[in-house]
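K.L.:
Below is the structure I would like to discuss, written out as structure tokens.
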Amino acid sequence: MDKNNTRTLVKRAALAMVLAALVLMEERTVPVCNIDTTSLEKCRPAVTGNNPPPPGNKCCRVLQVANLECICSFKSYLPVLATTNPSKLEALLTKCGVTTIPPACLGKIKVP
1 MDKNNTRTLV KRAALAMVLA ALVLMEERTV PVCNIDTTSL EKCRPAVTGN NPPPPGNKCC
61 RVLQVANLEC ICSFKSYLPV LATTNPSKLE ALLTKCGVTT IPPACLGKIK VP
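Each step along the sequence shown adds one to the number in UniProt numbering, with nothing skipped, and position 41 is 41.
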């Protein structure tokens, strides 16, 4: 194998390693409590600010399939819920048609 072939092979191997690293660095999400927790971000506008807009359909679909008792037990770890006033969270759930709101969703957040 001559020098040019070796250089080409080394360049291709380096490119393959970079591409593999980029794929591995891609943010992975883990399903928790029946949902992908990053999907809660769809609800952020509806709980942000003094006069939040009504929740969108995507937000409500997420909340309707989530195991809310489970989600709210982790709320101090979930950015969209950890910074949310419990009354805004209750209003969001009500607007999305959630009729049974677990007590864990309404209590104050205990920082671990």
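Here a beta-carbon is modelled for each residue, glycine too, at the ideal position from N, C-alpha and C. The structure presented is a predicted model; accordingly, all values stated were derived computationally and were not measured.
1. Suppose the cutoff is 8 angstroms on Cβ atoms and the five residues either side in sequence are ignored; what does the same chain contact list for ARG61 look like?
2. Please classify PRO31: does DSSP put it in a helix, a strand, or coil?
3. Suppose you measure from the CA of ALA82 to the CA of CYS72; what does that come to, to the nearest Å?
4. CA-CA distance, THR94 and SER87?
P.N.:
Reading it off the structure:
1. none
2. strand
3. 10 angstroms
4. 11 angstroms
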